[in-house]
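Residue numbers (the numbering used here): 35 to 311.
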Amino acid sequence: MTIQNIELNDGRSIPQLGFGTFKVPPEHTQEAVETALELGYRHIDTATVYGNEHEVGLAIAASGLDRDSLWVTTKLWNDKRGREATRAALGESLEKLGLDYVDMYLIHWPAVEEGKLEETWETFGELRQEGLTKTIGVSNFDHNFLPQLAETGLMPAVTQVELHPQFQQRKTQEIAARLNVKIEAWGPLGQNKVDYASTVIGDIARAHDASWVQVIIAWHLAEGRIIFPKATGRDHQQQNFDASRLVLTDSEIAAIDALDKGEDGRVSANPVGYHAL
Numbered sequence: 035m036t037i038q039n040i041e042l043n044d045g046r047s048i049p050q051l052g053f054g055t056f057k058v059p060p061e062h063t064q065e066a067v068e069t070a071l072e073l074g075y076r077h078i079d080t081a082t083v084y085g086n087e088h089e090v091g092l093a094i095a096a097s098g099l100d101r102d103s104l105w106v107t108t109k110l111w112n113d114k115r116g117r118e119a120t121r122a123a124l125g126e127s128l129e130k131l132g133l134d135y136v137d138m139y140l141i142h143w144p145a146v147e148e149g150k151l152e153e154t155w156e157t158f159g160e161l162r163q164e165g166l167t168k169t170i171g172v173s174n175f176d177h178n179f180l181p182q183l184a185e186t187g188l189m190p191a192v193t194q195v196e197l198h199p200q201f202q203q204r205k206t207q208e209i210a211a212r213l214n215v216k217i218e219a220w221g222p223l224g225q226n227k228v229d230y231a232s233t234v235i236g237d238i239a240r241a242h243d244a245s246w247v248q249v250i251i252a253w254h255l256a257e258g259r260i261i262f263p264k265a266t267g268r269d270h271q272q273q274n275f276d277a278s279r280l281v282l283t284d285s286e287i288a289a290i291d292a293l294d295k296g297e298d299g300r301v302s303a304n305p306v307g308y309h310a311l
């Protein structure tokens, strides 16, 4: 089974369903990523702050897969801002990953209080020109930050934002669509903080003989978002991968859309004012 690709505004294509490594401990990361690659995942998402880039790199090396067949994303943490710090940070990430380039490099949070955001973003453009990253984007840049970034004239290919059925970030989705920036949904299942099985999602899952997790993944995919749910066990990884086969009806998608609670549905940090180091 092959996963659909999403075309980005820089002409490159990213596998729509990937494998996330957020909160995967380093001691479990290599095995988890190796298993994901064996099952057919070709899009791996990590970050400097996750502390597992080295293990992701070991898994990639052990897989024997052609580098061109993989999509690897990592992210710049908040304590690195400005040209020199940004360049050094990507260099460290590449060394840990054992790669000559990453497919996508993201600014992890706006962290505007740290300053030098524009200089940092300009540096991302330079790193892309030099081939150290093929695609550039941002994470947690919602409707409050995307327009500001667009004013620089250097457009991100994606923005990663918290997005799940009860928190659908509709304003951010509208702005991203207008700017031709693709949405990557992190925490696409609500980070296990929402009992989605007790909602209409559970009913839809039973109707399809599927799990509630598979239904949410299928919903994201049907609406054109890029997602990379985390699952350390082989069975869960396979179930997530198989969710790409699940076809929801228009009425089922509408029923899930209706679960949106707006800002009240957020379960993680608000990027406005967030600048953890």
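Beta carbons are placed, not taken as given, at the ideal position from N, Cα and C, and that holds for glycine.
Check	Outcome
Range covered by the beta strand (DSSP E) that runs through K216	216-220
Endpoints, alpha helix (DSSP H) assigned at I251	246-256
Touching by the beta-carbon criterion (3+ pairs, under 8 Å), the segment 85-97 and the segment 177-184	no
Proximity of M138 and T169 at Cβ, strictly below 7 Å	yes
Environment of T80 [buried if 16+ CB atoms lie within 10 Å]	buried
7 Å Cβ shell around Q50 - same chain, five flanking residues per side excluded	I37, Q38, N39, I40, L255, I260
Which listed residue (A265, E257, G258) has its alpha carbon closest to that of V312	Residue 312 falls outside the range modelled here, since the chain spans only 35 to 311, and no answer is possible.
Opposing strand residues paired with Q194 [DSSP bridges]	S173, E218
Whole-Å CB distance - L71 paired with L110, under 8 Å assumed	Going by Cβ atoms, the distance from L71 to L110 rounds to 25 Å, so no, they are not a contact pair.
Candidates G171, V228, L183: closest to N43 by CA position	G171
Contact the segment 46-60 vs the segment 196-214: 3+ CB pairs below 8 Å	no
Complete runs of the alpha helix (DSSP H) confined to the segment 51-104 [at least 4 residues]	60-73, 87-97
Cβ pair V136, T108 closer than 7 Å	yes
Sheet register partners of I260 (DSSP bridge)	E218
Those residues which DSSP pairs with L140 across a bridge	K109, G171
Sub-7 Å separation of L280 and A241 beta-carbons	no
Element boundaries [alpha helix (DSSP H), containing N274]	268-276
Presumed contact (8 Å Cβ cut-off) between F275 and H77, rounded CB distance	Actually they do not touch by this definition, with Cβ atoms about 11 Å apart.
Minimum C-alpha distance to A292 - residue among A66, Y230, S302, H142	Y230
I251 versus A211: straight-line alpha-carbon distance, rounded	20 Å
Terminal residues of the alpha helix (DSSP H) in which I290 lies	284-291
R121 versus D134: straight-line alpha-carbon distance, rounded	14 Å
Three-state class that DSSP yields for P305 in the structure shown	coil
With 16 other Cβ atoms within 10 Å as the buried cut-off, status of P305	buried
Chain-order list of residues whose beta-carbon lies under 7 Å from that of A310 (same chain, five-residue window excluded)	N112
Range covered by the beta strand (DSSP E) that runs through I37	Where I37 is concerned, there is no enclosing beta strand (DSSP E), given that its DSSP letter is neither H nor E.
Inter-residue Cα distance where the pair is Q207 and I217	7 Å
For F158, the three-state DSSP class (helix, strand or coil)	helix
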